[in-house]
Amino acid sequence: MIPHLQIDGLSVVFRGDDEARILLDDISVSLNKGEILGLVGESGSGKSLLCRAVMGLLPSRQLQVTHGSVMIEGQVLDLAQMQTVRGRRIGMIFQNPTSHLDPVMRIGGQISEGLIHHKGLGVAAAKAEAIGLLTQVGFPDPERAYDSHAHQFSGGMRQRAMIAVALACDPEILIADEPTTALDVTIQAQILRLLMDLRDSRGLSIVLITHDLGVVAQTCDRIAVMRDGHVVEQGEKRALLAAPQHPYTQALIAAHPSVTTAGEHLPPDRAHQPVFELRDLEVRFAQGGGLLRKGKELRAVKAVSLRIWPGETVGIVGESGSGKSTLARAMLGLTPISSGKVVFDGLDLTQDRTATLRRLRSDAAMVFQDPFNSLNPRMTVGETLAEVLRSQGETPEAKIQPRVAELLEMVGLDRSFATRRPRSLSGGQCQRAGIARALAVNPRVIIADECVAALDVTIQAQIVDLFRQLTAHSGLTLIFIAHDLAIVRNLCERVVVMHYGEVVEDGTSQQVFDHPKTAYTAALIAAIPDIDPDRPINGGTPALNQPELTL
Amino acid sequence: MHRYRFVLFRPLQFLPVLFGISVVTFVLVRLIPGDPARILLGTRATPTAIANIRAQYGLDEPMWTQYLYFLKNLGAGEMGKSTLYKIDVLRLIATRVEPTLALVLAGVVLALLIAVPFAAISARRQGTVADHTVRVLSTAGIGFPSFWLGAMLIILFSVKLDWLPVSGYGETLFDKLTHLVLPGLTIALSLSAVLTRSLRAGMVAGLQSDIATAARARGMSENIVFWRHVVPNALVPTINLLAINIGWLIGGTVVVESVFALPGLGQLMVRGIFSRDYMVVQGVALTFAVATVLINFVADIITVALDPRIEL
Chain A
1 MIPHLQIDGL SVVFRGDDEA RILLDDISVS LNKGEILGLV GESGSGKSLL CRAVMGLLPS
61 RQLQVTHGSV MIEGQVLDLA QMQTVRGRRI GMIFQNPTSH LDPVMRIGGQ ISEGLIHHKG
121 LGVAAAKAEA IGLLTQVGFP DPERAYDSHA HQFSGGMRQR AMIAVALACD PEILIADEPT
181 TALDVTIQAQ ILRLLMDLRD SRGLSIVLIT HDLGVVAQTC DRIAVMRDGH VVEQGEKRAL
241 LAAPQHPYTQ ALIAAHPSVT TAGEHLPPDR AHQPVFELRD LEVRFAQGGG LLRKGKELRA
301 VKAVSLRIWP GETVGIVGES GSGKSTLARA MLGLTPISSG KVVFDGLDLT QDRTATLRRL
361 RSDAAMVFQD PFNSLNPRMT VGETLAEVLR SQGETPEAKI QPRVAELLEM VGLDRSFATR
421 RPRSLSGGQC QRAGIARALA VNPRVIIADE CVAALDVTIQ AQIVDLFRQL TAHSGLTLIF
481 IAHDLAIVRN LCERVVVMHY GEVVEDGTSQ QVFDHPKTAY TAALIAAIPD IDPDRPINGG
541 TPALNQPELT L
Chain B
1001 MHRYRFVLFR PLQFLPVLFG ISVVTFVLVR LIPGDPARIL LGTRATPTAI ANIRAQYGLD
1061 EPMWTQYLYF LKNLGAGEMG KSTLYKIDVL RLIATRVEPT LALVLAGVVL ALLIAVPFAA
1121 ISARRQGTVA DHTVRVLSTA GIGFPSFWLG AMLIILFSVK LDWLPVSGYG ETLFDKLTHL
1181 VLPGLTIALS LSAVLTRSLR AGMVAGLQSD IATAARARGM SENIVFWRHV VPNALVPTIN
1241 LLAINIGWLI GGTVVVESVF ALPGLGQLMV RGIFSRDYMV VQGVALTFAV ATVLINFVAD
1301 IITVALDPRI EL
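Just so you know, the protein sequences line up as chains A and B, in that order. According to this note's numbering, the first sequence is numbered sequentially starting from 1. According to this note's numbering, the second sequence is numbered sequentially starting from 1001.
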């Protein structure tokens, strides 16, 4: 059988002013008709670049295809003639629908643009066909969606719109570059489901690029694993997952958060007073409004009551907009509390703000989502840590450097990192430095807000491991905020599930994951991409399968 | 349509702004040393004659009383009598507004006609000789003062080539247009420099943006990608830049109208300042202020129309 799409010995070279680097080295991958091929790899492995090269859309003139060819049904594509192939034979969708959809053009305009241009349809015929496409990708009110702009939709609906745009010219092959990475798990499951349905109904062949082996395991037929510009392993999915040959594939599988490695936890100390006690905490934001008009009020956190005990590792999970980050910020006094109480270590934040804040700043620390941007680019890691120690005022000047070295060692960084600036660190190293900065105050509580979301899976696993070590042998209380339930299951002994600002479930990880009490939690858990290929992806309960629409 | 609701509410916010401007201009003119009555009557005027004139124009009253008169006049649709021209300033402004309006309009239209194609060539042929030429010219354009540029244009096109009139304003439409070419060009050359730089930056970013990549990935030609996706997105910030610059430009007409002897508001302002004609100066200043506020208001409406995400 001739493969539908065949990439044969493709090499891409970056030609800088005085150096040439090979970014893709002799890549050969094939995609059969009606098949979904999963292209897996971590950031920098070249998976996106490969697809850009296939489309003839290399992002810079310094990047050149030096060898190899791309064939559709055995015919070699002429890279100079790609404009007739793009859109019509190969469609492409991207990770971030928000930045890839034109914000000032109506959704309908972007779909019919392709229909008019490629198929030569008239405006009215193009509109009719575009509305048909919008129906196919799951818009409940396609006529209205046709006349809407991208910003009027949620992330999931935007991704559906982008799929409709890509399908406009009826391509045979669809390249999906991390199409669900920016989405919540339940929405991710819906989009993956949609892609599989489209494969079946239209006979599409799909290349699905992702960093998540779980996504691949549940949707793809074959898998190609990429690393550093090479395909290290490819094959039928079950065979590959069951018996990975290459050590890197083995490491990827081991690092996947759905592979549970139960950690040991010291039992929480419930004899003393809780570290944090929240009573009917509410955080409301004014929305819109102006000088003369009063806007609506958004209740980001609704009547949350929670006790967190010393030594506990608590995961707060929820989808974007569920209020989990706002809750954390309110606990640290970083956002005004509308009503209710936050009691830290017996001190009431609402009553004695100054004293509580002083205690919070010395006993609680935060680790942020973006490891790079939360470090000062002009300071070395050592300077950053020393600054914290000096402002803390408890470490004598002579002991600061030894303490910096000690902190670096705690987070698994070599002493030499003290003299390096964030720019020269990788994402994982930056996050380690961020954790070291949090540890510098010698905190009793660490609040980590989505601190592994931006990292590659193998790095994620390392950071989770680091947290596990830090919490296992000291009385450190960890509040770990994440949208990724699988990581939370691996790391935390207790899980708090948030939905639209409310705590819908609170219990030990085992209880919550094995016997969820609410339909929402069950849906969240069911939507976790699992590395087991025989577990079907599931968008959860039928109610949650309804595409959500914000207009 | 709720995005356009600000069109109704925004004008209410103009009132305090205009009040502030009127106070400031009113006080500032009166802080300039020199007495309008003395300037009007000349150095040999008798103290009685000066006192008479001062009484006639209300200049002997305290400043706040004068301001109240001014407000009262405004309410009646008048701006006070000019000491120099002996008629109401509002009527005076009405006779002088056309050349200034035409000049600004000519300047803006010419600037856009220059800026859009130059920015497009520059952005689409990045790094080529054409790009570098546009960038050098647009940097230089910002640096040329308009009084010098105007004089140079007169020397080249009017004196050497004898294609266009040296100065003044005509009677017939064609006559007026030929008289507007050089002053309009003087304004357009420096304005287009600013616009070209902003547009080019927006277009260069747009050509590398995800929006452009996505459009290319669905097989759109570079022309469609550029004109239908890149340009509309690059225009949004430029519209606001243009509005701010028109505000500057209205002040700049004072210089250009003087160089080209155009009988517009700028020239009226200059005469008013030299003869300490308080009514004229504050009237023209207030007119300029109202125009600037209105232009920014219009720019806001255009921005909202161009970018569906913006709510004001």
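Glycine included, C-beta positions come from ideal geometry on N, C-alpha and C.
Endpoints, beta strand (DSSP E) assigned at residue i
{"i": "Thr395(A)", "result": "Unbroken run through Thr395(A): none, as it is neither H nor E."}
{"i": "Met498(A)", "result": "494-499"}
{"i": "Asp1131(B)", "result": "Here Asp1131(B) belongs to no beta strand (DSSP E); instead the alpha helix (DSSP H) covers 1129-1143."}
{"i": "Gly1184(B)", "result": "That residue, Gly1184(B), is in no beta strand (DSSP E); its alpha helix (DSSP H) goes 1173-1207."}
Local Cβ density within 10 Å of residue i, reported as buried at 16 or more and exposed below that
{"i": "Ile1142(B)", "result": "exposed"}
{"i": "Phe1009(B)", "result": "exposed"}
{"i": "Gln546(A)", "result": "Unreliable positioning characterises Gln546(A) in this predicted model, as indicated by a pLDDT of 43, which lies under 50. The coordinate reading is nonetheless provided below. Exposed: under 16 other Cβ atoms inside 10 Å."}
{"i": "Trp1248(B)", "result": "exposed"}
{"i": "Trp1163(B)", "result": "exposed"}
{"i": "Lys237(A)", "result": "buried"}
{"i": "Leu1012(B)", "result": "exposed"}
{"i": "Val367(A)", "result": "buried"}
{"i": "Ser1146(B)", "result": "buried"}
{"i": "Thr180(A)", "result": "buried"}
Residue i in three-state terms, based on DSSP
{"i": "Leu1090(B)", "result": "helix"}
{"i": "Leu347(A)", "result": "strand"}
{"i": "Glu277(A)", "result": "strand"}
{"i": "Ser424(A)", "result": "helix"}
{"i": "Gly333(A)", "result": "coil"}
{"i": "Leu413(A)", "result": "coil"}
{"i": "Gly68(A)", "result": "strand"}
{"i": "Gln1126(B)", "result": "coil"}
{"i": "Asp1300(B)", "result": "helix"}
{"i": "Met92(A)", "result": "strand"}
{"i": "Ile209(A)", "result": "strand"}
{"i": "Asp78(A)", "result": "coil"}
{"i": "Leu1105(B)", "result": "helix"}
{"i": "Leu1235(B)", "result": "helix"}
{"i": "Ala176(A)", "result": "strand"}
{"i": "Ile36(A)", "result": "strand"}
Nearest-angstrom Cα separation, counted from residue j out to residue i
{"i": "Leu1110(B)", "j": "Thr1238(B)", "result": "16 Å"}
{"i": "Val554(A)", "j": "Ala20(A)", "result": "In this structure chain A extends from 1 to 551, so residue 554(A) is not present and cannot be described."}
{"i": "Ala365(A)", "j": "Ser416(A)", "result": "24 Å"}
{"i": "Tyr146(A)", "j": "Val123(A)", "result": "13 Å"}
{"i": "Thr1139(B)", "j": "Ile487(A)", "result": "54 Å"}
{"i": "Asn442(A)", "j": "Arg403(A)", "result": "11 Å"}
{"i": "Gly56(A)", "j": "Arg202(A)", "result": "25 Å"}
{"i": "Ser1167(B)", "j": "Val165(A)", "result": "57 Å"}
{"i": "Gly108(A)", "j": "Arg494(A)", "result": "46 Å"}
{"i": "Ala453(A)", "j": "Ala126(A)", "result": "40 Å"}
{"i": "Val1116(B)", "j": "Leu1235(B)", "result": "10 Å"}
{"i": "Leu240(A)", "j": "Ile223(A)", "result": "7 Å"}
{"i": "Ser1158(B)", "j": "Pro1165(B)", "result": "6 Å"}
{"i": "Arg420(A)", "j": "Ser426(A)", "result": "11 Å"}
{"i": "Gly1266(B)", "j": "Asp18(A)", "result": "57 Å"}
{"i": "Leu1182(B)", "j": "Ser1190(B)", "result": "13 Å"}
{"i": "Leu413(A)", "j": "Thr458(A)", "result": "16 Å"}
{"i": "Tyr500(A)", "j": "Phe1226(B)", "result": "41 Å"}
{"i": "Gln234(A)", "j": "Ala328(A)", "result": "43 Å"}
{"i": "Thr1083(B)", "j": "Pro1036(B)", "result": "8 Å"}
{"i": "Ala543(A)", "j": "Ala519(A)", "result": "Residue placement at Ala543(A) is poorly supported in this model, since its pLDDT is 39, which falls under 50; the coordinates are not used for a value here."}
{"i": "Gly155(A)", "j": "Ile187(A)", "result": "9 Å"}
Limits of the unbroken alpha helix (DSSP H) element including residue i
{"i": "Ala519(A)", "result": "519-526"}
{"i": "Ser112(A)", "result": "107-119"}
{"i": "Ile7(A)", "result": "No alpha helix (DSSP H) holds Ile7(A); the beta strand (DSSP E) holding it covers 5-15."}
{"i": "Leu1071(B)", "result": "1063-1075"}
Contact list for residue i against chain C, beta-carbon separation under 9 Å
{"i": "Pro103(A)", "result": "In the structure shown, chain C does not exist; the protein chains are A and B."}
Bridge-paired residues (DSSP) for residue i
{"i": "Gln234(A)", "result": "Ala224(A)"}
{"i": "His272(A)", "result": "Answer is none; His272(A) lacks a bridge partner."}
{"i": "Thr508(A)", "result": "Arg494(A)"}
{"i": "Asp449(A)", "result": "Ile481(A)"}
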